[in-house]
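A.B. asks: Numbering (our numbering), first residue to last: 4 to 233.
Every residue gets a Cβ at the ideal spot worked out from N, C-alpha and C, and that includes glycine.
Just so we're clear, the structure is a prediction, and the values are computed from it rather than from any experiment.
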Amino acid sequence: MRIHSYNKREKILVNIRIILADDHPFVLLGVRAALEMEAGVTVVDQATNPVSLIERLRSTPCDVLVTDLSMPDLSFAVNDGFNLVRRIRGGWPQLRIVVMTTLTNPAILRAIVSDGAVSMVGKAESMDELRHAIMLARDGHAYLGRSIIEALACPHDPEYEPPPTPRLTGKQVEVVRLLVCGQSISEIATALGCDRRTVTRQKREAMAKLGVTNDPGLFSYVRAYGILNF
């Protein structure tokens, strides 16, 4: 992936149709307002979950999708960021994708970047950085924001040694394995012969050990590290 230089004075000069997706309404509101101040940008639609995003993509032509990576939706079969991006790329191969994320785990970020031509910026970065990513994406270039590059820098150091994989209990591994396979808390409880509260507790404890806070983060961590192979 070529890393393009950042220049906040660069402007978007061509008409770009954008769909925004984020499960936080205030994020949508702020990003939309900022982008629509830019000449040549039109936010043609927005979505708050994977289901509505797919519907918007089917009904509304656009050039660039700006999306959060973590939008949990229990009604959606593709409920982690990797598979959501893959599905979108498969259905709309010409669409340029810019991911906004709060993820900082180098292994997860590396897995996302290596999965395809997707641009990515941190949510804490400036709006100028997002505008720049959109402009380059529209021209067919992948782009990584400053915070993403900084997060990825350490694992590429030849002297860097990754931390040991957190040791989960057998029950925690089984709960995570079944979650990643798409089973619900109720289905896991039935399969393991325990109640929902026990499964929820084991899931919560496993996530705490792995340093993730939601299901998409958990699924991404498992993909990146392969922690269930021990």
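1. What does the Cβ neighbour count give for Ala24, buried or exposed, with the cut at 16 atoms within 10 Å?
2. How would you label Ala154, buried or exposed, when you count the other beta carbons within 10 angstroms and need 16 or more for buried?
3. Considering only residues of the same chain and omitting the five flanking positions on each side of Lys11, which have a CB-CB separation below 6 Å?
4. Does the beta-carbon of Ser187, which I'm using as the reference point, lie nearer than 7 Å to any heavy atom of the ligand FAD?
5. Identify which residue in Ala136, Thr193, Asp142, Ala140 has its Cα closest to the Cα of Ser150.
6. So for Arg20, helix, strand or coil by DSSP?
7. Beta-carbon separation of Met123 and Ile115 under 8 Å?
8. How would you label Leu32, buried or exposed, when you count the other beta carbons within 10 angstroms and need 16 or more for buried?
9. Buried or exposed: which applies to Ala209, given that a residue is buried once 16 or more other Cβ atoms fall within 10 Å of its Cβ?
10. Check whether the Cβ of Thr203 lies closer than 8 Å to any Cβ atom in chain D.
11. Taking DSSP as the reference, what is the three-state secondary structure of Ala145?
12. Run the CB neighbour count on Thr70, radius 10 Å, all protein chains shown included, and call it buried at 16 or more, exposed below.
13. Below 8 Å between beta carbons: does that hold for Arg180 and Asp66?
C.D. replies: Quick answer:
1. With 16 or more Cβ atoms within 10 Å of its Cβ, Ala24 is classed as buried.
2. Flag for Ala154 reads buried.
3. For Lys11, the predicted structure reports a pLDDT of 46, less than 50, and the residue's modelled location is therefore unreliable. A value from the coordinates is still provided. Closer than 6 Å at Cβ, skipping near neighbours: Asp131.
4. For the structure depicted, the ligand FAD is absent and the ligand set is empty, with no information on it obtainable.
5. The candidate whose alpha carbon is nearest that of Ser150 is Ala136.
6. If DSSP states are grouped into helix, strand and coil, Arg20 belongs with the strands.
7. Yes, the Cβ-Cβ distance between Met123 and Ile115 is below 8 Å.
8. With fewer than 16 other Cβ atoms from the protein chains shown falling within 10 Å of its own Cβ, Leu32 counts as exposed.
9. Under this definition Ala209 is a buried residue.
10. The structure shown contains no chain D; it is built from a single protein chain.
11. Coil at Ala145, not helix or strand.
12. Buried: at least 16 other Cβ atoms inside 10 Å.
13. In this structure, Arg180 keeps its C-beta atom at 8 Å or more from the C-beta atom of Asp66.
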